[in-house]
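Undergrad: Before anything else, here's the structure in question.
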DNA sequence: TCACAGGTGAAAGGTATTTTCGTCGCGGGT
DNA sequence: ACCCGCGACGAAAATACCTTTCACCTGTGA
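So, in structure tokens, the structure goes:
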């Protein structure tokens, strides 16, 4: 299926790129709901929320029952189940039963209230920690291993890797580029959209472009990715919206998790945690596959930094 | 049939005494099978045993499927489900799914080893996630609230905040500065040690300088902090070594946690996670204390970014 | 205001589950 | 040995449940 007639910029992402979009596991359901909710219609959101709020109760209901309880129709319930990655309601129900059993036995119901203005610092720390830990678990649970695998393979053998990210994501992009540089790969992070595009058009088949955007519709990041895509590079999207515009130009999509946010807890926080986990996975994967060169490179760069530390207390 | 002549000892237990004969719990299924097995017919025993041996597998089967797998009929399967205390097969199946999820999650905690070169990607993700979660818990547990409190107070009323970090820590420094800017504070991140020092000497009492260094002995970060300290600014150190040199010039010390590291997992990874949690706590704390100005500022900056996203799908 | 796109639910269409009912095998009595 | 009755068992009918289709309706942009 590789039709590398790179003559025109009209390369299109192959439609059946998601034969098995999501292996539906029970644990990460709440996360999935949060990830997909924005791209759902109102009725479907109602269903999804009901289901996430009371898995045990909903597992006991039939399609009709759940439709009634949410004030919607059976069709909508089935549609929601599909959106969450299950073949139909029956399977969602099974997963729900699993989830219910898990949280029944797994003690901690993990109820996190939102952070409010007058929370004492102790609570802030506790809630923040709890949330970030949850985000990590969710992200790991929702990660599509085959996509990671594919991205890692492409990166490991890439001539050059470009990473795009603006705003908070730019820090993540830089982090990834820094790490890749340290194991001897050619990687650049671009935060300036103009420079990003001008660099992107230099890419060709065998190169890799990675876009990092939580919303999935940050134009400053989509444009360079599209340019890279059109020029035949392998493209990867790290995004919280697997249905976002950015994925149109991505050969591989890595979904980051979305945590509930509030006024005091801006989007940047949990999405950043999620993104960092994903890029760390990419990094380790690449390091494994290029171990021959990566290991000595890591050692060298470590030693190069040693003299920048004050000499004493070298334990 | 003789009805209610209760005078003799032949009183009969009222028939509807067991409207709910058995509350079907998921966990005790195996036990229930053993209890009931003797009073079952051969075919039913086959079904019960199959079910107890492989809950996960059976949960995926329909009545017909399970009947086939056990070499029996659908009716027998349903009868078995009844015998085990469920209203029908559907409910048994639900319980099975729950049981499967339970024992799946119970079997999980087998990840303590280090990441090695030949770990499959699945393990890498699991280990990485586990480690980062542990790091978060450790950091939160080790954080000295009074120090956080003090740092937050100083920051909230600061005329200006400078943040120093080089290498991986520079990204953390930038993250903090970015966030503080978004709530209307005057904050700068310095990665260039020369510029950092030249800026540090401009600070005075009422200003805040924050140094971020995992090792606690990164000279490029210590020098500007010392300069700020000498000029009367309030200084904060975010470090993994509370006994490190950097703390000599720090009014407040926030300790980050250190996870075990290995060749494939460079220091930057878990220390970064830890540092980010700490600065997030600082940020939220400051945002709370400056809520009057922070809230509208956050809203404004959010709106300012809206047009940088592609317009569609604004739900 | 109109045309249109897309969400939504009623009802038709299938599939899975439950019930019914007749057969068959087994043990005990004649 | 044969017959009788009891209960296990499964095929198929009956039902409940799930899925799909399609027309309506609502909100949106010209």
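Residue numbers (the working numbering), protein chains in the order written: chain W, 14 to 328; chain Y, 14 to 328.
Cβ atoms here follow ideal geometry from the backbone N, Cα and C, with glycine treated the same way.
Just so you know, these numbers come straight off a predicted model, no measurement behind them.
1) Which runs of the alpha helix (DSSP H) spanning at least 4 residues fall entirely within the segment 141-206 of chain Y, listed in chain order?
2) How many whole angstroms separate the CB atoms of residue 196 of chain Y and residue 303 of chain Y, which I take to be in contact at a CB cut-off of 8 Å?
3) Could you run through the segment 288-316 of chain Y and flag, in chain order, every residue whose CB is less than 7 Å away from some CB of chain W?
4) Kindly indicate if chain W contains any beta-carbon less than 7 Å away from that of residue 65 of chain Y.
5) Could you name the residues of chain Y that residue 146 of chain W contacts, counting a contact when the two beta carbons are closer than 8 Å?
6) At a cut of 8 Å, does the segment 209-224 of chain W reach the segment 167-178 of chain W through at least three beta carbon pairs?
7) Please report the straight-line C-alpha distance between residue 240 of chain Y and residue 134 of chain W, rounded to a whole angstrom.
8) With 7 Å as the threshold, decide whether the Cβ of residue 178 of chain W is near any Cβ in chain Y.
9) From the DSSP output, read off the bridge partner residues of residue 267 of chain W.
10) Quickly, what does DSSP pair residue 225 of chain W with across the bridge? List them, please.
11) DSSP three-state call for residue 303 of chain Y: helix, strand or coil?
12) Is the Cβ of residue 204 of chain W closer than 7 Å to any Cβ of chain Y?
13) Give me the residue from W:49, W:175, W:210, W:209 with the minimum Cα distance to residue 193 of chain W.
14) Interface residues of chain W around residue 187 of chain Y at Cβ under 8 Å?
15) Closest Cβ-Cβ distance between residue 330 of chain Y and chain W: below 7 Å?
16) Return the residues of the segment 87-111 of chain Y that lie within a Cβ-Cβ distance of less than 8 Å from chain W, sorted by chain order.
17) Which residue from Y:90, Y:66, Y:70, Y:68 puts its Cα closest to that of residue 77 of chain Y?
18) Report the residues of the segment 149-169 of chain W with a CB closer than 8 Å to any CB of chain Y, ordered along the chain.
19) Starting from residue 181 of chain W, find everything on chain Y with Cβ-Cβ shorter than 9 Å and list it in chain order.
20) Buried or exposed: residue 145 of chain Y, going by 16 or more other Cβ atoms within 10 Å of its Cβ?
21) Rounded to whole angstroms, how far is the Cβ of residue 86 of chain Y from the Cβ of residue 80 of chain Y, which I believe are closer than 8 Å?
22) Anything in the segment 239-273 of chain W with a Cβ closer than 7 Å to a Cβ of chain Y? List those residues in chain order, please.
23) How do the segment 141-158 of chain Y and the segment 149-158 of chain W stand: do at least 3 beta-carbon pairs fall below 8 Å, yes or no?
24) Identify each residue in the segment 201-225 of chain W for which the Cβ-Cβ distance to at least one residue of chain Y is less than 7 Å, and report them in chain order.
25) Relative to the alpha-carbon of residue 163 of chain W, which residue among W:242, W:55, W:313, W:248 has its alpha-carbon at the smallest distance?
26) Does any CB atom of chain Y fall closer than 7 Å to the CB of residue 76 of chain W?
27) Closest to residue 309 of chain Y by CA distance: which of Y:210, Y:108, Y:198, Y:211 is it?
28) For residue 79 of chain Y, report the span of its alpha helix (DSSP H) as first-last.
29) Please state whether the Cβ-Cβ distance between residue 184 of chain W and residue 205 of chain Y is less than 7 Å.
30) Measure the C-alpha to C-alpha separation of residue 209 of chain Y and residue 177 of chain Y and round it to an integer number of angstroms.
31) Does the Cβ of residue 106 of chain Y have 16 or more other Cβ atoms within 10 Å, making it buried, or fewer, making it exposed?
32) Can you give the Cα-Cα distance for residue 272 of chain W and residue 284 of chain W, rounded to whole angstroms?
33) The alpha helix (DSSP H) spanning residue 68 of chain W covers which residue range?
34) Should residue 46 of chain W be labelled buried (16 or more other beta-carbon atoms within 10 Å of its own) or exposed?
35) In this structure, how does DSSP classify residue 243 of chain W when only helix, strand and coil are distinguished?
TA: According to the structure shown:
1) 158-169, 181-195
2) Here the question's residue 196 of chain Y lines up with position 183 in the second chain. Here the question's residue 303 of chain Y lines up with position 290 in the second chain. Right, their Cβ atoms sit about 6 Å apart.
3) 290, 293, 294, 297, 298, 300, 301, 304, 308, 311
4) In the second chain, residue 65 of chain Y corresponds to position 52, counting from 1. Chain W contact via Cβ: absent.
5) Along the first chain, one-based indexing puts residue 146 of chain W at 133. In chain order: 146, 149, 150.
6) yes
7) Position 227 of the second chain, counted from the first residue, corresponds to residue 240 of chain Y. Position 121 of the first chain, counted from the first residue, corresponds to residue 134 of chain W. Their backbone Cα atoms lie some 30 Å apart in a straight line.
8) Counted from its first residue, the first chain places residue 178 of chain W at position 165. With 7 Å as the cut-off, residue 178 of chain W does not count as an interface residue toward chain Y.
9) The residue you call residue 267 of chain W lines up with position 254 of the first chain. Answer by DSSP bridge pairing, in chain order: W:251.
10) Looking up residue 225 of chain W in the first chain gives position 212. Looking at the DSSP assignment, residue 225 of chain W forms a beta bridge with W:251.
11) Within the second chain, the letter at position 290 stands for residue 303 of chain Y. In this structure, residue 303 of chain Y counts as coil in the three-state DSSP scheme.
12) Sequence index remark: in the first chain, residue 204 of chain W carries index 191 (1-based). For residue 204 of chain W, the answer is no, since every Cβ of chain Y falls outside 7 Å of its Cβ.
13) If you number the first chain from 1, residue 193 of chain W lands on position 180. It is W:175.
14) To locate residue 187 of chain Y, count along the second chain from 1; it is residue 174. The contacting residues are 184.
15) Nothing about residue 330 of chain Y can be read from this structure; chain Y reaches only from 14 to 328.
16) 106, 107, 108, 110, 111
17) Counted from its first residue, the second chain places residue 77 of chain Y at position 64. Among Y:90, Y:66, Y:70, Y:68, the Cα nearest to that of residue 77 of chain Y is on Y:90.
18) 149, 150, 152, 153, 156, 158, 161, 162, 165
19) As a position in the first chain, residue 181 of chain W is number 168, starting the count at 1. Within chain Y, the residues near residue 181 of chain W are 188, 191, 192.
20) Numbered from its first residue, the second chain carries residue 145 of chain Y at position 132. Under this definition residue 145 of chain Y is a buried residue.
21) Numbered from its first residue, the second chain carries residue 86 of chain Y at position 73. Numbered from its first residue, the second chain carries residue 80 of chain Y at position 67. About 5 Å separates the two Cβ atoms, so the contact holds.
22) 258
23) yes
24) none
25) Taking the first residue of the first chain as position 1, residue 163 of chain W is located at position 150. Among W:242, W:55, W:313, W:248, the Cα nearest to that of residue 163 of chain W belongs to W:248.
26) Locating residue 76 of chain W in the first chain gives position 63, counting from the first residue. Answer no: the Cβ-Cβ gap between residue 76 of chain W and chain Y never drops below 7 Å.
27) Indexing the second chain from 1 puts residue 309 of chain Y at position 296. When each option's Cα is compared against that of residue 309 of chain Y, the closest is Y:198.
28) Reading the second chain from its first residue, position 66 is the one you call residue 79 of chain Y. Element bounds for residue 79 of chain Y: 76-83.
29) Taking the first residue of the first chain as position 1, residue 184 of chain W is located at position 171. Taking the first residue of the second chain as position 1, residue 205 of chain Y is located at position 192. No. Outside cutoff.
30) For the purposes of this step, residue 209 of chain Y is taken as the residue at position 196 of the second chain. For the purposes of this step, residue 177 of chain Y is taken as the residue at position 164 of the second chain. In a straight line, the C-alpha of residue 209 of chain Y is about 7 Å away from that of residue 177 of chain Y.
31) For the purposes of this step, residue 106 of chain Y is taken as the residue at position 93 of the second chain. Result: buried.
32) By one-based count along the first chain, residue 272 of chain W stands at place 259. By one-based count along the first chain, residue 284 of chain W stands at place 271. Taking the straight line from one Cα to the other gives about 7 Å.
33) Start at 1 with the first residue of the first chain, and residue 68 of chain W comes out as number 55. Element bounds for residue 68 of chain W: 68-72.
34) For the purposes of this step, residue 46 of chain W is identified with residue 33 of the first chain, where counting begins at 1. By the neighbour-count rule (16 or more Cβ atoms within 10 Å), residue 46 of chain W is buried.
35) The sequence position of residue 243 of chain W within the first chain is 230, counting from 1. Three-state DSSP puts residue 243 of chain W in a helix.
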